[in-house]
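>
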Amino acid sequence: RAKEQGRNDFRFYAPEMNARMLERLELENGLRRALEQDELELHYQPKVELAHGRVVGAEALIRWRHPVLGMVSPADFIPVAEETGLIVPIGEWVINTACRQLQAWREEGLPDVSVAVNVSARQFQQADLVGVLDEALRSTEVPARQLHLEVTESGVMSNPERTIVMLRTLKEIGVLVSLDDFGTGYSSLNYLKRFLIDSVKIDQSFVADLTTSSEDAAIARMVISLAHSLNQTVVAEGVETAAQLDFLRRYHCDQMQGYLCSRPIPAAAFASLVRDGGHIPLPATSRLH
Ligand code: C2E
Ligand code: MG
Ligand code: MG
Ligand code: MG
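Residue 636 is where the sequence shown starts when you use UniProt numbering, and the numbers rise one by one after that.
Pasting the structure below:
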């Protein structure tokens with residue numbers, strides 16, 4: 636009887652489980668194929684100086700051009716890539732592709748820009764990341780200062796003592812490091828001081844309500860002044876409105892990314908932007924305050 640019930644339970648739960656596992660497996664196999672068959676690409680979102688609208692670089696954001704589904708968002712496949720460990724070869728592909736792109740732009744004579752790549756927690760803790768970076772930079776002869784890494788708080792805080800060593804090594808190589816999505820995780824201020832971080836990115840969830848929530852405004856001001864007092868550059872992400880821009884200018888945020896300036900765009904479009912003067916006309920500061 637118990638056995639029968641057990642079997643019933645099994646039969647009751649199995650189809651759902653299998654469906655989920657199958658979906659995961661399909662995604663996993665799909666990602667493997669994507670790597671082999673060149674279905675991945677990088678799009679570039681300009682990083683713009685607030686003071687003059689100058690484009691200083693871009694963040695490389697991965698896109699998966701699925702043969703059937705069309706463009707798949709990284710939010711849908713990066714988590715699976717992290718769980719399965721596929722993030723390691725994918726991350727390596729991202730670093731190599733970004734460096735080869737920088738090399739191609741140098742050969743074309745494009746003015747120097749930086750490219751920031753996102754590094755997931757698992758990839759950051761991986762022993763060989765430094766080797767991958769070294770090889771990518773060496774083989775393309777791209778100056779290390781043109782390559783930036785974006786790491787999240789969870790990526791650095793899971794093993795802070797190892798992070799300190801890692802950041803020192805990255806500094807020796809000359810690669811710059813940003814703390815991404817700042818404010819959404821749990822960073823200890825003590826570690827923030829000890830980490831060799833070059834810049835901090837205010838998470839877009841704070842930027843979104845900057846002009847309507849006094850709490851989010853307070854957090855943004857705090858992040859800007861904290862980062863500046865630690866000699867770090869501040870980048871606001873997800874800037875969509877002129878009012879948000881006004882606020883960020885008033886509190887001397889250094890750079891911005893967001894739809895107000897540009898969405899992530901293909902490499903050729905980003906290169907044209909830089910070639911055509913490398914400026915994005917920003918709305919003038921409003922005088923309504
Ligand atoms: P993230 O690194 O924080 O990137 C910012 C995300 O905000 C990007 O989404 C970007 O397209 C989006 N965004 C930029 N400006 C605006 C705006 O004004 N409004 C709104 N609503 N969104 C804006 P995306 O490209 O979908 O990437 C999502 C996340 O996926 C990234 O967040 C990053 O965590 C991850 N990701 C993307 N590419 C890679 C990669 O190559 N490697 C790894 N490990 N993660 C990646
Ligand atoms: Mg990022
Ligand atoms: Mg971010
Ligand atoms: Mg984010």
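Glycine is no exception: its CB is placed at the ideal position from the N, C-alpha and C atoms.
If you run the structure through DSSP and keep just helix, strand and coil, what is A637?
A caution first: A637 carries a pLDDT of 45, below 50, which makes its placement in the model unreliable, though a value can still be read off. It is helical.
> Could you spell out the range, first to last residue, of the alpha helix (DSSP H) harbouring P899?
First-last for P899: undefined, no H or E at that position.
> For G873, which residues of its own chain have a beta-carbon under 7 angstroms away from its beta-carbon, when the five flanking residues on both sides are left out?
Only Q839, V842, A843, G893 meet the Cβ criterion.
> Keeping to the same chain, check which residues put their C-beta closer than 6 angstroms to that of L895; ignore five residues upstream and five downstream.
Once the five neighbours on either side are set aside, the close Cβ partners of L895 are V874, E875.
> Using C-beta distances below 6 angstroms, list every residue in its chain close to H701, excluding the 5 sequence neighbours before and after it, in chain order.
The residues are V707.
> So what does T868 bridge to, in DSSP terms?
DSSP, once it has assigned bridges, lists S834 as partnering T868.
> Return the first residue and the last residue of the beta strand (DSSP E) that V691 is part of.
Its beta strand (DSSP E) spans residues 690–701.
> Does the Cβ-Cβ distance between A695 and L677 come in under 8 angstroms?
Closer than 8 angstroms, so yes.
> Compute the Euclidean distance between the alpha carbons of N664 and V754, then round it to the nearest angstrom.
Each residue's Cα considered, the two are about 22 angstroms apart.
> Just confirm the distance between the C-beta atoms of A871 and I832, as a whole number of angstroms; I'd bet it's less than 8 angstroms.
That belief does not hold up - the Cβ atoms of A871 and I832 are roughly 16 angstroms apart, past 8 angstroms.
> Apart from the five residues just before and just after T920, which ones in its own chain have a Cβ nearer than 7 angstroms to its Cβ?
Answer for T920: D881, R884, listed in chain order.
> Distance check for A654 and residue 632, CA to CA, integer angstroms please.
Since the first residue of the chain shown is 636 and the last is 924, residue 632 is not available in this structure.
> Mapping DSSP to helix, strand and coil, what is G665?
Note: G665 maps to helix in three-state DSSP.
> So, are the CB atoms of F905 and P709 less than 8 angstroms apart?
Not closer than 8 angstroms, so no.
> I'd like to confirm something about D815: is its beta-carbon nearer than 7 angstroms to some heavy atom of ligand 2, or not?
Yes, since a heavy atom of ligand 2 falls inside the 7 angstroms radius drawn around the Cβ of D815.
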